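Protein chains in written order, with full-length UniProt numbering: chain G, 1 to 806; chain L, 1 to 225.
Now the structure itself:
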């Protein structure tokens with residue numbers, strides 16, 4: 001029986017090549033989408049599970065209730081972790097990590113070599129690090145690797161870069177330069193290709209190494225200095241909830257005084273290690289970029305919609321074509337088939353087709369992977385496709401899709417009454433036309449909704465791109481002064497750069513334009529309440545910085561080389577303190593820290609400029625005179641950047657022979673600020689095009705069906721004098737009205753969803769009514785093009801032929 | 001074998017009710033060959049559909065082998081049908097996507113006959129119908145007469161007790177028509193009961209008895225043998 005089903009399924013599919021082609025193409029495109037998304041989503045799961053006892057490892061999360069800013073942070077005060085280990089027997093081990101951020105690179109060289117590299121992703125960690133995170137060691141042993149002062153452990157990648165094929169163990173390294181220079185002994189090399197993890201260490205330096213490590217060890221404040229990441233491992237059988245409930249009293253016991261001094265509330269929570277990658281949205285001070293489970297849900301829903309659109313094609317085309325199969329069904333019933341056998345037969349056909357689509361989609365997805373990686377900034381390779389989970393998903397997806405697509409047609413087809421068809425009369429009223437119309441409306445709703453969303457996302461990205469950043473990003477080059485020593489050479493390097501032809505301005509700052517300024521301090525105005533501080537970010541600049549980057553000076557003067565307490569502030573700062581612009585110059589700002597008061601005098605106010613994600617409003621910033629900045633910012637005017645950079649490098653080498661010339665173009669850094677939105681824009685364009693393509697295919701098939709069904713009507717109308725246009729109108733008008741209905745449903749829906757999306761942007765566009773008009777016009781044009789092809793074909797057919805067959 | 005009493009069937013549209021069968025009663029005995037004649041629209045095909053359990057009557061009684069089947073549901077009818085009744089249609093109604101062999105094999109699949117036995121039985125019946133050499137062809141590759149022979153083969157492959165033939169020669173020329181009638185006669189002589197609807201007096205003469213209908217009622221009955 002099964003073989004018979006298969007045979008007839010195969011022959012049927014083969015015989016109706018157009019319908020099979022449309023269905024197969026639709027299902028394949030849908031499956032490729034689903035599969036790509038599934039691979040991406042599955043890749044986002046299973047983070048940090050490779051670590052032994054990963055389910056009993058937790059990260060301590062801090063929530064500081066200060067003004068309305070209640071964003072949780074992954075950072076904690078330094079003494080908390082070890083105090084917890086001491087107080088709670090259920091905490092079996094703890095470890096603290098200090099991470100300096102992706103952009104904060106340190107100069108690294110092998111002791112007896114002059115060749116130095118800027119290396120990022122360096123951690124300062126307690127010697128317990130490998131007790132929690134059991135990275136396998138290639139050289140040395142994890143036990144005690146970070147015990148001795150000035151020990152360092154390298155990733156395999158870094159060890160290979162520095163030492164090639166030679167052993168790195170017990171060799172010495174120099175980290176930093178000048179006064180900050182540290183000589184460190186390599187106590188191990190770990191395998192960094194060790195599964196997916198939110199940690200990404202390039203090298204790990206023991207906390208026991210002076211400098212910041214020493215500070216971390218010394219700090220005993222339980223309220224402030226929340227910059228240390230703290231992890232703990234629970235003893236077997238201990239409950240995280242129970243431990244978490246003890247934390248408020250723990251914090252009171254150790255930190256009541258500290259908390260009272262700063263005047264804010266603070267609470268501690270435990271976050272499961274395995275949840276960090278997917279459930280950390282909004283948590284500040286993360287080590288690396290994390291994913292967001294909601295983003296994955298959105299992607300899955302998109303995939304589902306596209307697959308549904310493809311299923312709808314199958315449903316519509318199969319029920320529409322039922323007339324053609326009516327005879328077969330009638331005969332089968334007459335000679336003994338019952339409804340159940342027929343349902344099984346038709347389901348078998350749809351499942352066969354969708355499984356076939358699944359099989360084709362495997363190599364297609366492999367081809368699409370590089371593209372997917374660009375879209376998602378991932379690095380999924382082909383082997384992901386042959387993962388057991390993925391293969392099982394492909395199989396289930398194929399069966400499920402075939403089932404969903406085939407069930408309704410199967411019920412409709414198997415319900416055909418044999419007596420109606422065996423006599424040769426095949427005008428059947430098959431299924432409810434309303435359902436089919438409803439499904440087409442659904443397809444249009446998806447298309448119109450996606451088209452309008454794409455327009456809105458593109459508008460917002462354009463808006464961000466065109467937004468006045470408060471500085472002129474074009475032709476700006478930032479050159480890193482990555483070490484103390486090179487910073488000290490700022491003036492000499494600057495003078496050298498100024499002589500290079502093509503360079504028009506040279507200045508210095510601690511952050512390049514658009515770089516996030518992390519440092520902030522609490523300030524008050526004279527006479528203000530010391531407990532009611534306003535957080536102001538601070539950055540050091542050289543006197544001609546504003547000129548170089550093109551930030552406006554609203555009032556007052558720029559900084560001078562001998563300025564110390566004299567500072568510039570941006571407009572947001574005086575707004576935050578309610579200082580009128582005309583009274584700003586000469587105003588004072590005070591910083592009170594542990595009883596000491598520092599005073600700043602405002603000598604000028606700059607226009608606002610962005611130094612953080614465009615999703616954040618411009619915050620107050622204070623600019624002081626910096627003689628040893630972290631970056632040289634230069635403005636260039638040249639057609640040949642390659643030559644200019646070569647000249648800059650040569651002049652750099654004269655002053656800083658042992659430090660690499662490391663630079664970036666500011667406009668590229670600015671682009672990174674809206675990279676995420678740009679990516680979302682690209683993803684939605686891809687999905688929208690695919691959804692529209694599949695819908696068009698379905699529409700094409702459906703119109704051919706209607707043309708077939710109305711063959712007699714069309715013929716009679718033509719005999720009575722109808723023109724080609726009349727017939728085209730007859731066939732198109734129903735579909736066009738469906739587009740209208742879809743427009744009414746899709747517009748408010750898309751408006752609501754996109755309005756929610758835009759909430760994330762403080763500087764956002766307003767959604768215009770014409771966006772939806774464009775979407776519906778696009779849908780109408782696509783519909784008309786699709787419909788007219790079939791309609792014209794039907795209209796120019798010879799009416800005599802179809803009348804005779806009647 | 002078949003006994004219908006006061007059988008009724010109506011077709012309703014929104015405004016009109018048409019009577020297709022009006023209190024029709026007759027009996028067909030086991031091994032009999034009955035022909036039903038009458039003008040178009042007299043209810044012949046409706047009657048055949050009800051006899052073949054493809055449709056249910058609106059009133060009256062239908063005894064099949066002494067069992068009342070008038071109230072059977074779709075599942076029970078399908079069950080009874082596939083074991084007892086074979087159909088031959090005017091338009092042959094072969095499945096275009098299946099070969100001759102596969103078309104004839106189909107009823108055996110639905111009654112759950114094992115593959116080896118199926119092959120044997122299909123071959124036997126194709127030999128008998130002299131269409132064995134065409135077993136791999138598809139319906140469109142055959143002449144009308146050949147197609148109807150395949151249809152007859154399919155109708156008899158399950159050894160049904162009853163064959164219902166609806167104008168079996170309607171689409172055939174006279175020589176092919178005669179061949180089909182000879183086949184039916186042979187089957188009848190071997191013990192199969194046959195009820196045939198026909199417009200052709202010539203074909204009707206092959207039967208034992210002619211029932212003539214008009215407006216859903218029996219008007220005359222001529223016994224020929």
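For each residue, glycine too, the CB sits at the ideal point set by N, CA and C. Bear in mind the structure is a predicted one, so any value in this text is a computation, not a measurement.
Got a sec? Which residues, its chain only, sit under 6 Å from residue i by beta carbon, not counting five neighbours each side?
i                      : result
residue 220 of chain G : 79
residue 727 of chain G : 714, 795
residue 589 of chain G : 523, 600
residue 86 of chain L  : 155, 156, 160, 163
residue 216 of chain L : 19, 20, 21, 22, 43
residue 205 of chain G : 124, 152
residue 772 of chain G : 452, 747
residue 270 of chain G : 58, 240, 244
Taking the alpha-carbon positions, what's the residue i to residue j distance?
i                      : j                      : result
residue 533 of chain G : residue 250 of chain G : 27 Å
residue 506 of chain G : residue 530 of chain G : 39 Å
residue 171 of chain L : residue 160 of chain L : 24 Å
residue 719 of chain G : residue 3 of chain G   : 47 Å
residue 806 of chain G : residue 710 of chain G : The predicted model places residue 806 of chain G with a pLDDT of 39, which falls under 50 and marks its position as unreliable; any figure quoted below should be read in that light. Straight-line Cα distance between these residues: approximately 12 Å.
residue 25 of chain G  : residue 694 of chain G : 8 Å
residue 199 of chain G : residue 137 of chain G : 16 Å
residue 692 of chain G : residue 305 of chain G : 11 Å
residue 671 of chain G : residue 735 of chain G : 43 Å
residue 417 of chain G : residue 330 of chain G : 7 Å
residue 96 of chain L  : residue 333 of chain G : 16 Å
residue 616 of chain G : residue 479 of chain G : 26 Å
residue 183 of chain L : residue 303 of chain G : 60 Å
residue 183 of chain G : residue 397 of chain G : 57 Å
residue 702 of chain G : residue 244 of chain G : 60 Å
residue 283 of chain G : residue 188 of chain G : 32 Å
residue 30 of chain L  : residue 191 of chain L : 8 Å
residue 121 of chain L : residue 133 of chain L : 15 Å
residue 213 of chain G : residue 687 of chain G : 49 Å
What distance in whole Å lies between the Cβ atoms of residue j and residue i, which are believed to be in contact at a cut-off of 8 Å?
i                      : j                      : result
residue 470 of chain G : residue 610 of chain G : 6 Å
residue 604 of chain G : residue 585 of chain G : 7 Å
residue 107 of chain L : residue 335 of chain G : 4 Å
residue 53 of chain L  : residue 25 of chain L  : The pair is not a contact, with the Cβ atoms about 18 Å apart (cut-off 8 Å).
residue 704 of chain G : residue 790 of chain G : 5 Å
residue 680 of chain G : residue 33 of chain G  : The Cβ separation is near 16 Å, so there is no contact.
residue 765 of chain G : residue 460 of chain G : 6 Å
Skipping 5 residues on each side, what residues in its chain have a beta carbon closer than 7 Å to that of residue i?
i                      : result
residue 637 of chain G : 475, 502, 504
residue 198 of chain L : 35, 37, 167, 204
residue 613 of chain G : 673
residue 655 of chain G : 489, 492, 493, 496
residue 153 of chain L : 104, 125, 126, 129, 131
residue 595 of chain G : none
If you drop the 5 nearest sequence neighbours on each side, which residues of the same chain put their C-beta closer than 8 Å to that of residue i?
i                      : result
residue 68 of chain G  : The predicted model places residue 68 of chain G with a pLDDT of 48, which falls under 50 and marks its position as unreliable; any figure quoted below should be read in that light. Counting only Cβ-Cβ distances below 8 Å, and skipping sequence neighbours, we find nothing.
residue 27 of chain L  : 2, 3, 4
residue 455 of chain G : 771, 774, 775
Which residue spans inside the segment 4 to 70 of chain L form an unbroken beta strand (DSSP E) run of at least 3? Those beta strand (DSSP E) runs which fall completely within the segment 4 to 70 of chain L and span 3+ residues are 17 to 28, 33 to 37, 59 to 64.
So, does the segment 161 to 177 of chain G touch the segment 484 to 492 of chain G, judging by three or more C-beta pairs under 8 Å? yes
Okay, do the segment 499 to 514 of chain G and the segment 541 to 559 of chain G touch, 3+ Cβ pairs below 8 Å being the bar? yes
Check whether the segment 367 to 382 of chain G touches the segment 316 to 329 of chain G, taking contact to mean three or more Cβ pairs, one atom from each stretch, closer than 8 Å. no
Are at least three pairs of beta-carbons, each pair with one atom in the segment 740 to 747 of chain G and one in the segment 438 to 450 of chain G, less than 8 Å apart? yes
Those runs of the alpha helix (DSSP H) which lie wholly inside the segment 309 to 350 of chain G and span at least 4 residues: 322 to 334
Flag this pair as touching only if the segment 306 to 317 of chain G and the segment 18 to 37 of chain G have three or more C-beta atom pairs under 8 Å; answer yes or no. Judged by pairs of C-beta atoms under 8 Å, the segment 306 to 317 of chain G touches the segment 18 to 37 of chain G, as three or more such pairs exist.
Please go through the segment 87 to 117 of chain L and give each complete alpha helix (DSSP H) segment of 4 or more residues, from N-terminal end onward. Fully contained in the segment 87 to 117 of chain L are the following alpha helix (DSSP H) runs of length 4 or more, in chain order: 100 to 110.
Indicate whether the contact test is met: 3 or more Cβ pairs, each with one atom in the segment 401 to 413 of chain G and one in the segment 344 to 359 of chain G, closer than 8 Å. yes
Go through the segment 174 to 257 of chain G residue by residue and report every complete run of the beta strand (DSSP E) that reaches 3 residues or more, in order. 182 to 190, 203 to 206, 228 to 234
Three or more beta-carbon pairs under 8 Å between the segment 224 to 234 of chain G and the segment 91 to 110 of chain G, yes or no? yes
Which parts of the segment 469 to 550 of chain G are runs of the beta strand (DSSP E), unbroken and 3 residues or longer, counting only runs that do not cross its ends? 476 to 480, 503 to 509, 520 to 523, 534 to 541
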